[in-house]
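> Residues in the sequence shown are numbered from 73 upward in steps of one, following our numbering.
Beta carbons are placed, not taken as given, at the ideal position from N, Cα and C, and that holds for glycine.
The structure under discussion is supplied below as structure tokens; questions concerning it will follow.
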Amino acid sequence: MVSEISVSKNKDLLTTMNELIEVGKKVVERGLAVGSGGNLSFRAPGTDIFFITGTGTQLDQLDPSSFAQVNLQGEHLDGIRPSSEFRVHLESYKTRPDIDVCIHLHPQASVLTAALNLPIRFLTIDHVYYVRNVVRIPWILSGTQEIAEATAVAVKDSNVVILENHGCVVLAPTVQLGFSRVLNLEEASELTIRCHQLGLNPTEVPKAYWDHLKKTGL
Numbered sequence: 073m074v075s076e077i078s079v080s081k082n083k084d085l086l087t088t089m090n091e092l093i094e095v096g097k098k099v100v101e102r103g104l105a106v107g108s109g110g111n112l113s114f115r116a117p118g119t120d121i122f123f124i125t126g127t128g129t130q131l132d133q134l135d136p137s138s139f140a141q142v143n144l145q146g147e148h149l150d151g152i153r154p155s156s157e158f159r160v161h162l163e164s165y166k167t168r169p170d171i172d173v174c175i176h177l178h179p180q181a182s183v184l185t186a187a188l189n190l191p192i193r194f195l196t197i198d199h200v201y202y203v204r205n206v207v208r209i210p211w212i213l214s215g216t217q218e219i220a221e222a223t224a225v226a227v228k229d230s231n232v233v234i235l236e237n238h239g240c241v242v243l244a245p246t247v248q249l250g251f252s253r254v255l256n257l258e259e260a261s262e263l264t265i266r267c268h269q270l271g272l273n274p275t276e277v278p279k280a281y282w283d284h285l286k287k288t289g290l
């Protein structure tokens, strides 16, 4: 078990951290988060250590000092105090060894679809390709082991989870894929709400495309 990792001496980890820092700026610019409304993390591949934004950090003002090092035993190894939601990230990484990035945000449209009990509509092939299955978790107090364990169950079969009256959790092997999943989740949610407001029942992406993805393993 690795006790601590120096990011400055690892080019790949530094690149990933800088990518997440840029994502932090973009999610605030796009209105997907307000201030410290969310947390971002990445795992050091092949280790039991992940890096997560600290408590109260502003997502559009991140730098390398904004991240804490935590291992999968829940021990704080280095850096500032980790986000109170670190358990959600920890349990997600333990459940899904195939992913190295976890993005937790409070996007308005995604949260609203859950509050209105609306199933998300997939109107473009990008929505299907990036989002696919969305699992919804009933409200649980944030920062608790209970919400972390519920998320762990949800991500067994999905990369995209909506926490009712709270936000979303998105998993991916890379930062860019994770960000694309977030963007498509929110766009699909916005279109779902628009259709609901207009009383429309739109044509969604046909089953043939879903079958194509399954058949090709994409």
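Proline 36: buried (16+ other C-beta within 10 angstroms of its C-beta) or exposed?
Residue 36 falls outside the range modelled here, since the chain spans only 73 to 290, and no answer is possible.
> What did DSSP end up calling glutamine 130 once you bin it into helix, strand or coil?
As a working mapping, residue 130 is identified with position 58 in the sequence shown. If DSSP states are grouped into helix, strand and coil, glutamine 130 belongs with coil.
> So who's on the other strand from threonine 125, going by DSSP bridges?
As a working note, residue 125 is residue 53 in the sequence shown. Answer is Phe139.
> Quick check for students: name the residue ranges of the alpha helix (DSSP H) that lie wholly in the segment 180 to 225, counting only runs of 4 or more.
DSSP runs (the alpha helix (DSSP H)) wholly in the segment 180 to 225: 180 to 187 and 197 to 202.
> DSSP on isoleucine 234, reduced to helix/strand/coil?
Locating residue 234 in the sequence shown gives position 162, where the first residue counts as 1. Isoleucine 234: strand per DSSP, three-state reduction.
> Flag this pair as yes or no: are the beta carbons of glutamate 76 and leucine 149 separated by less than 8 Å?
Counting from 1 along the sequence shown, the entry for residue 76 is found at position 4. Counting from 1 along the sequence shown, the entry for residue 149 is found at position 77. For glutamate 76 and leucine 149, yes; Cβs fall inside 8 Å.
> What is the DSSP secondary structure of serine 80, counted as helix, strand or coil?
Against the sequence shown, residue 80 aligns to sequence position 8. DSSP places serine 80 in helix when its eight states are reduced to three.
> By the 10 Å Cβ neighbour count, where 16 or more other Cβ atoms means buried, how is threonine 288 classified, buried or exposed?
As a working note, residue 288 is residue 216 in the sequence shown. So threonine 288 ends up on the exposed side.
> I need the DSSP call for arginine 153, collapsed to helix, strand or coil.
Counted from its first residue, the sequence shown places residue 153 at position 81. Arginine 153: coil per DSSP, three-state reduction.
> From the DSSP output, in three-state form, read off arginine 253 for me.
Translated into the one-based positions of the sequence shown, residue 253 becomes position 181. Helix.
> To which residues does DSSP link histidine 148 through a beta bridge?
Numbered from its first residue, the sequence shown carries residue 148 at position 76. Bridge partners of histidine 148: Val142.
> Does the distance from the C-beta atom of isoleucine 121 to that of serine 137 stay below 8 Å?
Indexing the sequence shown from 1 puts residue 121 at position 49. Indexing the sequence shown from 1 puts residue 137 at position 65. Not closer than 8 Å, so no.
> Tell whether a beta-carbon distance below 8 Å holds between valine 277 and histidine 199.
As a first step, residue 277 is located in the sequence shown; it is residue number 205 there, counting from the start. As a first step, residue 199 is located in the sequence shown; it is residue number 127 there, counting from the start. In contact: valine 277 and histidine 199 (Cβ atoms closer than 8 Å).
> If threonine 87 sits next to phenylalanine 114, beta carbons under 8 Å apart, how far is it from one beta carbon to the other, in whole angstroms?
Along the sequence shown, read from residue 1 onward, the residue named residue 87 stands at position 15. Along the sequence shown, read from residue 1 onward, the residue named residue 114 stands at position 42. About 10 Å; that fails the 8 Å criterion.
> Kindly indicate which three-state DSSP category isoleucine 175 falls into: helix, strand or coil?
Position 103 of the sequence shown, counting from 1, holds the residue named residue 175. It is a strand residue.
> Go to valine 160, then tell me how far its alpha helix (DSSP H) extends in each direction, as first and last residue.
To locate residue 160, count along the sequence shown from 1; it is residue 88. Looking at the DSSP string, the run of the alpha helix (DSSP H) that includes valine 160 is 158 to 167.
> According to DSSP, what are the bridge partners of arginine 266?
Here residue 266 is taken as the residue at index 194 of the sequence shown, counted from 1. BP columns for arginine 266 are empty, so no partner.
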